[in-house]
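Novice: First, the structure itself, so that you have it in front of you.
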Amino acid sequence: DSLLFKRPDSYARTLGNLALTNLELGETTTVENDLYRALHIRDSIGDVEGLSLNYYHLAQYFQRVGILPDAYVYATNARDLAREINNNLRYLETLLLLAELDPENAAAYQGEYIAVQDSMQIEERNIRDKFGLIRYETAETEAENIQLSKQRLIWIGIAVGVILLAIALFIIVDQRVKNQRLRFQQQQQEANQEIFNLMLAQKQKLEEGKQTEQKRISEELHDGILGEMNGVRMILLGLNKKGDEAAVALREQAIEKLKEVQEEIRAISHELNDASYQKFNNFISSIEDLLKSNCETAGIDYHFTYDQDLDWDNLQGITKINIYRILQESLQNCIKHADASTVYVSFEINDSDLVITIQDNGRGFDAAKGKKGIGHKNIKSRVNKINGDWHLKSALGIGTTVLVEIPLEHISPEAKKEISLPKDLQEA
């Protein structure tokens, strides 16, 4: 009973199946009652499909028990409902049953059966064709989708390849730039070491010269002046107890000898004084050697001037090294490209800057259009290391001038004292 209230359609279907089973088994006692109960339930819930089936089973039941009029009525009801709900299979079954129940009109029922069956076959064929077309179009669409997917994968692969190639190129270029930067730094370090070694060698030569000069002066004092003074001393000691004319004459000779010794001492003093005031700079000597070795090899005349009042050896080491390299790079550019006959180099103090000027009388070039090669980049790098500034002036037919300005902060206090500048500028 609970199934009747919860699922009346299922309950009615169960009653109908039970009645049909008993009918097939020949136990017809409860068949009619079960079929009517199922019919009442289906009618109450509006189950038209179930009613058509129920009428058909009642027609079968009354045909089996021999009550043909009732069987005909229920078969007709089953046919009408089947046609109403377009249940073609049920409709065909009721037509066959009606042909058996109404032999006089059996031909008409069979003709209708054949017509409905033909229309069903045509409709089924049309449906089959539609499904075939749908399957074909679906297969075609799937093939197109597969092709599009393949193309998409190809494009994705190409895009990924291009991206990977771009990344690889970037890494290669970046690595090359880093390698070039490292090589450039290594070359600068090697050049700095070369300049340092050159200055050490020059300084050693100067020390050797100083020692040679000191030895010469020591020998002159010891062997010459000291010997003569000892001789005069012995003469004067021997004449202290004599007062004759001969002794007086000897004293006069001794006094003259002392005057000669005095002049010799004065001459040596002047030499020492000149040596102390004449600055023989190791850095300037290195610059002169650089000019001489490069210009004489290239067959170029050179003129070098520098401020005599500045102790160039007291420049900061990094400043001297970079000035040397800037001059070396400029000379190489002049020799390779300028076709010059003369080079002018000057080291001067101008206002608050140390000014380096390198000028040639070569063919020059258009500075606005000229290609800035590695040489110019090296000069710029060197100037930046000492917080300086540089200018390149050139034009066709009038040569080239490189002007480097270095702040005086790169000059040590000892060197500044030697510069002939206004007091307030020196204090700055």
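Mapping of the sequence shown onto our numbering: residues 507 to 934, in sequence order.
C-beta: ideal position from N, C-alpha, C; glycine also.
Since we're looking at a predicted model, the values are computed, not measured.
Whole-angstrom Cβ separation of Ser792 and Leu704, contact assumed at under 8 Å?
Specialist: Contact flag correct, Cβ pair sits at about 6 Å.
Novice: Does DSSP classify Glu911 as helix, strand or coil?
Specialist: Of the three classes helix, strand and coil, the one that applies to Glu911 here is strand, per DSSP.
Novice: Let me confirm a value: Leu521 is counted as buried when at least 16 other C-beta atoms fall within 10 Å, else exposed. Which label applies?
Specialist: The residue in question, Leu521, is buried, as its Cβ has 16 or more Cβ neighbours within 10 Å.
Novice: Between the segment 846 to 862 and the segment 806 to 816, do three or more beta carbon pairs fall short of 8 Å?
Specialist: The answer is yes - the segment 806 to 816 touches the segment 846 to 862, with three or more Cβ pairs under 8 Å.
Novice: Find out if the Cβ-Cβ distance for the pair Leu598, Tyr619 is shorter than 8 Å.
Specialist: Yes; because the gap between Cβ atoms is below 8 Å, this pair is in contact.
Novice: Between Ile832 and Val910, which are expected to be in contact by the criterion C-beta below 8 Å, what is the C-beta distance as a whole number of angstroms?
Specialist: Contact flag correct, Cβ pair sits at about 6 Å.
Novice: Return the first residue and the last residue of the beta strand (DSSP E) that Lys899 is part of.
Specialist: Counting along the chain, the beta strand (DSSP E) containing Lys899 begins and ends at Asp895 to Ser900.
Novice: Under three-state DSSP, which class holds Ser852?
Specialist: Of the three classes helix, strand and coil, the one that applies to Ser852 here is strand, per DSSP.
Novice: Please classify Phe676 as buried or exposed, where buried requires at least 16 neighbouring CB atoms within 10 angstroms.
Specialist: So Phe676 counts as exposed.
Novice: What is the rounded straight-line gap between the Cα of Asn611 and the Cα of Arg570?
Specialist: Taking the straight line from one Cα to the other gives about 20 Å.
Novice: If you drop the 5 nearest sequence neighbours on each side, which residues of the same chain put their C-beta closer than 7 Å to that of Asp859?
Specialist: Cβ within range, chain order: Glu911, Ile912, Pro913 and Leu914.
Novice: Whole angstroms is fine: what's the gap from Ser799's alpha carbon to Ile669's?
Specialist: Spanning the two alpha carbons is a distance of roughly 54 Å.
Novice: Taking its Cβ as the centre, do 16 or more other Cβ atoms sit within 10 Å of Asn560, making it buried, or is it exposed?
Specialist: Asn560 should be labelled buried.
Novice: At what residues does the beta strand (DSSP E) containing Gln935 begin and finish?
Specialist: This structure cannot speak to residue 935, because the chain is shown only from 507 to 934.
Novice: Decide if Ala672 is buried, meaning its Cβ has at least 16 other Cβ atoms within 10 Å, or exposed.
Specialist: Exposed is the call here.
Novice: What is the DSSP secondary structure of Tyr845, reduced to helix, strand or coil?
Specialist: This sequence places Asp at residue 845; Tyr is not what is there. Three-state DSSP puts Asp845 in coil, outside helix and strand.
Novice: Measure how close the beta-carbons of Tyr580 and Leu557 come, nearest whole angstrom, since I'm counting them as under 8 Å.
Specialist: Not confirmed; about 11 Å, so no contact.
Novice: Measure the Cβ-Cβ separation of Asn867 and Gly905 and say whether it is below 8 Å.
Specialist: Yes, the pair counts as a contact, with Cβ atoms nearer than the cut-off.
Novice: Starting from the C-beta of Phe871, find all residues in its chain whose C-beta is less than 6 Å away, skip the five residues before and the five after it, and write them out in chain order.
Specialist: Result list for Phe871: Ser900, in chain order.
Novice: If you check the beta carbons only, do Tyr808 and Ile701 fall under 8 Å apart?
Specialist: No.
Novice: Would you list the residues sitting across from Asp807 in a DSSP beta bridge?
Specialist: DSSP output for Asp807 lists Thr848 as bridge partner(s).
Novice: Tell me which same chain residues have a C-beta within less than 6 Å of the C-beta of Ala544, skipping the five on either side of it?
Specialist: Counting only Cβ-Cβ distances below 6 Å, and skipping sequence neighbours, we find Ala518, Leu521, Gly522 and Asn560.
Novice: By the DSSP assignment, the alpha helix (DSSP H) with Gln814 in it spans what residues?
Specialist: First-last for Gln814: undefined, no H or E at that position.
Novice: If I measure Cβ to Cβ from Lys826 and keep anything under 6 Å in the same chain, skipping five residues before and after, which residues do I get?
Specialist: For Lys826, where only same-chain residues beyond five positions count, the Cβ hits under 6 Å are Phe789.
Novice: Roughly how many angstroms lie between the CA atoms of Glu802 and Glu794, to the nearest whole one?
Specialist: Distance between the alpha carbons of Glu802 and Glu794: 12 Å.
Novice: Please say whether Leu531 and Leu574 have beta carbons closer to each other than 8 Å?
Specialist: Result no, Cβ atoms of Leu574 and Leu531 do not sit closer than 8 Å.
Novice: When you compare only the Cα positions, how much space is there between Val679 and Gln686?
Specialist: Spanning the two alpha carbons is a distance of roughly 10 Å.
Novice: Using only the alpha-carbon positions, how far apart do Asn583 and Thr600 sit?
Specialist: Rounded to whole angstroms, Asn583 to Thr600 spans 9 Å at the Cα level.
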